[in-house]
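Numbering (my numbering), first residue to last: 54 to 334.
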């Protein structure tokens with residue numbers, strides 16, 4: 054039974070309704086209010102299990118405005134549950150401002166664990182899972198996306214992203230340029246659903262596969278990438294070194310960095326750091 058004055062963070066299925074835990078259903082049946090990113094989507098899930106709690110939208114456009122009112126309800130002794138459209142709330146989903154406010158107000162927060170697309174994709178990828186990092190969504194614009202990838206050029210942990218099927222081939226091409234086409238990767242497509250598929254290959258191999266079979270560019274996708282080998286320079290780092298070497302010979306450090314930033318589009322901090330390393334070596 055849900056306790057009063059508690060904020061519950063409740064995991065929901067990412068596809069297969071059989072993954073909806075009994076504890077999650079019990080909590081959602083008894084709280085005073087369920088906060089959902091899309092109430093129409095969540096109502097279908099709740100109706101399937103004959104759950105009829107009060108629903109309210111909480112999304113990126115109203116979270117800051119609604120948090121004080123929701124906090125007041127919690128302080129008055131009501132119990133609230135936060136859910137997302139699929140999987141665990143707060144993972145690239147709204148809810149952070151409310152959760153932080155509840156913690157600061159010393160309101161108990163209880164997590165009801167559930168399915169996670171991030172962990173499901175990692176487990177199925179066949180890539181190292183002892184150390185990994187979740188990077189959310191990459192920027193939609195090409196220049197910003199490439200800069201974000203370049204900033205991860207030396208990351209040795211396995212990396213995980215959510216990606217839109219509309220951009221998956223562009224992202225794979227940018228990753229092949231930044232990390233090398235031979236870097237091992239996997240795509241978890243439609244995880245736990247009827248058409249679930251795990252695609253495993255190199256970045257170049259996955260790109261060729263999706264270009265040849267565009268029907269695989271459909272559904273919700275999680276992209277998993279092997280980390281860099283320790284001490285190995287990525288393709289992006291090698292390109293930067295080739296750009297910086299003659300500039301450092303001909304120009305003062307600050308000017309060489311400025312020119313390299315203008316040409317490459319990379320963050321100045323990254324270029325400056327690499328320029329210092331090359332100077333010292």
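For every residue, glycine included, the Cβ atom is placed at its ideal position computed from N, Cα and C.
Cβ pair residue i, residue j closer than 7 Å
| i | j | result |
| --- | --- | --- |
| residue 188 | residue 214 | yes |
| residue 255 | residue 235 | yes |
| residue 198 | residue 192 | yes |
| residue 120 | residue 108 | no |
| residue 216 | residue 172 | no |
| residue 175 | residue 182 | yes |
| residue 81 | residue 98 | no |
| residue 2 | residue 178 | Coverage of the chain is limited to positions 54 through 334, which leaves residue 2 absent and any answer about it impossible. |
| residue 320 | residue 196 | no |
| residue 111 | residue 88 | yes |
Residues near residue i by beta carbon distance below 7 Å, same chain, minus five either side
| i | result |
| --- | --- |
| residue 297 | 309, 313, 327, 328 and 331 |
| residue 260 | 222, 225, 226 and 229 |
| residue 306 | 328 and 332 |
| residue 237 | 180, 255 and 279 |
| residue 146 | 90 and 137 |
| residue 218 | 270, 271, 272 and 274 |
| residue 210 | 184, 185, 186 and 280 |
| residue 96 | 108 |
| residue 205 | 212 |
| residue 117 | 150 |
Local Cβ density within 10 Å of residue i, reported as buried at 16 or more and exposed below that
| i | result |
| --- | --- |
| residue 227 | buried |
| residue 102 | exposed |
| residue 90 | buried |
| residue 295 | exposed |
| residue 159 | exposed |
| residue 244 | buried |
| residue 54 | Here residue 54 scores only 49 on pLDDT, less than 50, and its place in the model should not be relied on; the value that follows carries that caveat. By the neighbour-count rule (16 or more Cβ atoms within 10 Å), residue 54 is not buried but exposed. |
| residue 73 | buried |
| residue 242 | buried |
| residue 149 | exposed |
| residue 70 | exposed |
Integer-rounded CB distance, given that residue j should sit under 8 Å from residue i
| i | j | result |
| --- | --- | --- |
| residue 63 | residue 134 | 5 Å |
| residue 315 | residue 203 | Between residue 203 and residue 315 the Cβ distance is about 15 Å, and since that is not below 8 Å, they are no contact. |
| residue 60 | residue 127 | 6 Å |
| residue 77 | residue 165 | 5 Å |
| residue 139 | residue 65 | 6 Å |
Which residues DSSP lists as bridging residue i, in chain order
| i | result |
| --- | --- |
| residue 110 | 89 |
| residue 213 | 187 and 277 |
| residue 255 | 237 |
| residue 250 | 242 |
Nonlocal neighbours in the same chain, by C-beta distance under 6 Å from residue i, ignoring five residues either side
| i | result |
| --- | --- |
| residue 85 | 131 and 132 |
Residues near residue i in its chain [Cβ-Cβ closer than 8 Å; skip 5 each side]
| i | result |
| --- | --- |
| residue 156 | 162 |
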